[in-house]
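In UniProt numbering, the protein residues as written are 1 to 137.
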């Protein structure tokens with residue numbers, strides 16, 4: 001699975017990129033670009049939320065790909081907790097799938113900057129999974 005397969009056009013418009021993989025799960029990053037600035041010198045909360053939502057979808061796409069499945073992912077709900085202001089510096093996010101069922105998934109996400117043990121935000125997301133026929137099958 002390639003990086004473009006993991007990121008939507010919306011994610012790329014925010015400047016979100018795949019930074020690395022840890023245990024097969026993508027770690028996403030967005031730099032402090034002016035287009036996503038909220039109050040001076042800080043990320044806009046919507047950009048932080050967008051990064052975390054994208055991290056959840058990326059983790060799910062990788063997990064489904066490993067199973068040889070394709071699916072359309074649709075948000076059911078997302079709860080974001082802003083723990084500290086994200087400064088205009090690289091912001092990272094990694095998701096952890098807590099449940100991957102037939103019709104839905106539950107995912108938790110953490111976003112951090114310099115110190116991973118001090119997250120800037122966390123999120124819990126429920127996603128509807130609509131599996132599609134694999135064109136190769």
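Even glycine gets a Cβ: it sits at the ideal position worked out from N, Cα and C.
query: Just checking my contact of residue 54 with residue 121 at CB under 8 Å: how many whole Å lie between their CB atoms?; result: Rounded, the Cβ-Cβ distance is 13 Å, inconsistent with contact.
query: Around the Cβ of residue 57, are there at least 16 other Cβ atoms within 10 angstroms (buried) or fewer (exposed)?; result: buried
query: On the premise that residue 50 lies in contact with residue 14, defined as a C-beta separation below 8 Å, what is that separation, rounded to the nearest angstrom?; result: 6 Å
query: Any idea if residue 84 is buried or exposed, counting beta-carbon neighbours within 10 angstroms, 16 or more meaning buried?; result: exposed
query: Pull up the CB-CB distance for residue 25 and residue 95, whole angstroms please, since I reckon it's below 8 Å.; result: 7 Å
query: Below 7 Å CB to CB, which residues in the same chain sit around residue 112 once its five sequence neighbours on both sides are set aside?; result: 92, 118, 119, 120
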